[in-house]
Every structure is written in C-alpha cells, then in structure tokens.
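According to my numbering, the stretch in the sequence shown is residues 15 to 446, in order.
Step one of this worksheet: look at the structure below.
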Amino acid sequence: MKKLLLSLTLLTGFALALKAGDTGTSFEQLLSRITPAGAPAAAPAPATAKAVLPALQPDGYYWVTVQAADKYARTRLLEAGMDIVEIHKDKVSGFAHANTLKLLSVNKAMLVESVIPVMDYLSAVNKDFPAADAAYHNYAETTSLLKDMASKNSDIASVFSIGKTTEGRDIWCLRINSSAKGASVKSEKPGAFFLGNVHAREHLADEVPLLLAAWLMDHRKDADIKKYIDTLDIYIVPMGNPDGVEYDIKTGKYQSHRKNTRINPDKSVGVDLNRNFDSWWCQQGASHSTWADTYCGPSAFSEPESKALKAFMEARKNLKTHISYHSYASEILYPWGGSDEDVPDQKDKAAFIKLAGEMGKLTGYSPIKSSEMYIATGDSCDWAYAEGKILAFTFELEGNSFYPGASIITKTVNSNIKAAVYLLSMTADPYK
Ligand SMILES: [Zn+2]
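Now the structure itself:
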C-alpha cells in the first residue's frame, strides 16, 4: 500500500477516495486504485539501415529486429533462442542473447536489422517504472488478495497451493465452487481453469485473472454468475511463475525476465515454463541452450512449476475449458501450437474456432490457430488439450510492450472479464 500511495502522490488531477489502511478487495475498489498514468510510451523506432552488429557483450542481452518472411522463419528464430515479441509483415522484433545473435550472423539467411542493448531499449520504452506501475500486484499482494476474497466469501471460495516453486513459494489457486472446497475434495461439476503470468514479465497476465476473481466475488449474486458458481468448478491461478515475477521486479527496475529462476549449470537463470510441457517437447520453436529465452529445460516437466500445473490438471478430470493469459499480441490462440496440423477431432476443432471467435468479438483480439503465428513445442495449452481434452486457449493480451503502464489495466480487464464469463457460459457444454 505504501508503494501505491507513493505512486498516487506523483499523479495529479485524479480524485481518489483512497485512505491508508483501505484494504478493500472488491472489484470496484481494486479498479479505483488503477490510475490512468498517461499514454504508454511508444517503442523506439527501429533503425532503418541494416545494422552492423555492435561489439556484443558475452552475456549481453539485446532487443533485435530480424527479417522473417513467414512462420517457418519465425520458428527458426525461436530455435536460435530468440523470444519473438512483435510480428510485422516481413520482420520480427524481440529479445535475444549475444549467442543468439552470433548464430544469426553465421546464418546469412537471417538478416538482423537492428540491435539495441536491452537496458537501453527498456529505458526508452518504460516511462512507467515500478513506482508508476504500483497498481500492478506483486506476489505478496496477489496472495493476500486471494486469501481475502476466500475469507470474505468462504461459503463459495477457498484458497490452496498447487505446489511450490523453485525458490519455495506457493503457487496459489482460488477455487470457486458452492459445494466443494480446498485442494482435495473432488467435484463432478464441469471445471474451468484460468491461469496467469507463467511468463514472468507479462505482468498484465496476473491482473486479468486476479481481477476476474474479484469481479466474480462482487457479482456472485447476479443470476447468471450465481448459476455458474452453483454449477461449475472454477479455478483461478493468477500467478503461475511467482519466482520469475519477483525476479523481474526485485531491483525496482524491470529485468525483462521471462523464465522461472532455476540456476542453470552455466549460471544463466531460468527455464521457459511454456516450452517445458511434454507436448512434442523441444522439437520446434524452442531451444536447448540454457541462455535462450526459449530454453526448454533439461527434460519435459523438469521444473517444479510445470510439474505442479501438470499434477493439478491431471487430478481434475472434470476440467473442460482453460485460458492461459500471456502478453502481448491481442490474439486468442488455440491448438495446435507445436504442429502445423489442425487438431484431428472435428468436433473439437469447430468448438475451438467458435469459442475463440466469440471471445475475439468481446476483446477485439484476433482468433487464430497458435501455429499460424509460429510453431512452438512444449506449450501448456497443447498439453492440456492432448492429455485432458481440455479446450485450452492462450490469450495474448494487448499492449505495446511487456510494460504498458497501469493505464491499460482497466480496459484490458473489463473486456477480458466478458470473454471469461462467456467461456463459463460454455463450460458445461462447449459444443452447444
Ligand atoms: Zn508469454
């Protein structure tokens, strides 16, 4: 709260009825603390001339723009360890380790247009550094909000840990079910699972499921929401990678960290949890190199976070629908992500297209088969669908960077609540 108040004093012109000690967790209270902090900064303009590679620091980390004509070229870039963040017509931009750039310079087919040291890039993009971004919820704040929601709605909500992270943090889950509580009581009701922030720096992907939980609690008496709470088994894990999130913000300046915080043998930090699932593990669009942003880990499910999610989903055969929130591309992705093919089951394929299309209308995001963007193996939604027949969607939320500022939260949350409620309305029978 101190952090929040500090940020509010920096902003003028907004009348906020917020007092020290106000710990309300209602959706409206949470939103009222999110202040428009000015338009998010534009990303720096890419260099127009073809870049000469600067003298690379051996462990340096860069924002790069590379020519890539199609999804196959993009897939090769993922395999070279690049994290593709922006896709343009014939090029992509994203983060790359010095070793990735060396690989690209060897491969003459991959033309690097610009290279900016990551700290220069971030300081150009991030006018909102953490003081201004205090409306975002860190691990402790997310945890306490979930616990508050459960204690204030104890007849329908409970909180439990689905497992521990690499550093020993609990991965918290809010369960909403009028007749079953906690981790071990099974439910026959159809289940919906909302997961956020598996990639650390995608902080907006914590806000959406967290505020969805607050909204559902506030609206629990509305006829349609009451019906879903009475007839469904709803799970919300807003922060799937708490270690990575805390690592990203611990210095007060964003670190642009994507992975978890496993210390690899070469002392590089992290495994990409969304390349660590056992779905065509580390075949395409992922890297075996520890320093890569797309490092798939030493083996499938090598990481405690992905193991916890696996066990969580395997133990709940009633799960029918799932959203994993990421940022930022304004897209709704459905399987496969790890293969060019469509899912073979025509009924499921039709349901994926229909549900993604409807949720696209509510959010303004583009519905698309995941592998149309690029092929990426080891993805959690492919695994959830292959293993549990869960209709699983990856939401790439909106924004112009991983750090779009606090002003984006309200609009993003409101439209995404509509999409999530629509998914709840379809969970009992996704094929209707
Ligand atoms: Zn992501």
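Positions of the beta carbon are idealized from the N, C-alpha and C atoms, including for glycine.
Just so it is clear, the structure is predicted and the values come from calculations on it, not from any experiment.
The beta-carbon distance between Asp247 and Asn167, rounded to whole angstroms, is 15 angstroms. This is too long to meet the 8 angstroms contact definition.
A check of alpha carbon separations from Ala322 across Gly210, Gly254, Lys240, Gly108 identifies Gly254 as the nearest. Rounded to the nearest angstrom, the gap between the Cα atoms of Phe416 and Arg215 is 6 angstroms.
With 16 or more other Cβ atoms from the protein chains shown falling within 10 Å of its own Cβ, Val173 counts as buried.
For Leu411, no alpha helix (DSSP H) encloses it; the enclosing beta strand (DSSP E) starts and ends at 405–411. Counting along the chain, the unbroken alpha helix (DSSP H) around Glu372 starts and ends at 360–377.
Contact between Leu91 and Val80 holds, with the beta-carbon distance rounding to 6 angstroms and staying under 8 angstroms. In the DSSP assignment, Phe208 is bridged to Ile250, Ile337. Taken from the Cβ of Glu100, every heavy atom of ligand 1 lies 7 angstroms or farther away. The continuous beta strand (DSSP E) containing Phe109 extends over residues 105–111. Around the beta carbon of Lys383, 16 or more other beta carbons lie within 10 angstroms, which makes this residue buried. In this structure Ser313 is exposed. Its beta-carbon is surrounded by fewer than 16 other beta-carbon atoms within 10 angstroms.
Straight across, the Cα-Cα distance linking Asp184 with Glu127 is about 42 angstroms. For Leu347, the three-state secondary structure derived from DSSP is strand. For Asn255, the shortest C-beta to heavy atom distance toward ligand 1 is 7 angstroms or greater. By alpha-carbon distance to Arg272, the top candidate from Ile98, Gln360, Tyr348 is Ile98. Excluding five sequence positions before and after Asn278, the CB atoms of its chain that fall closer than 6 angstroms to its own CB belong to Thr304, given in chain order. Here the region 217–229 does not lie against the region 344–356, with fewer than 3 beta-carbon pairs under 8 angstroms apart. With contacts defined as CB atoms closer than 8 angstroms, Gly205 and Cys310 fail to qualify as a contacting pair.
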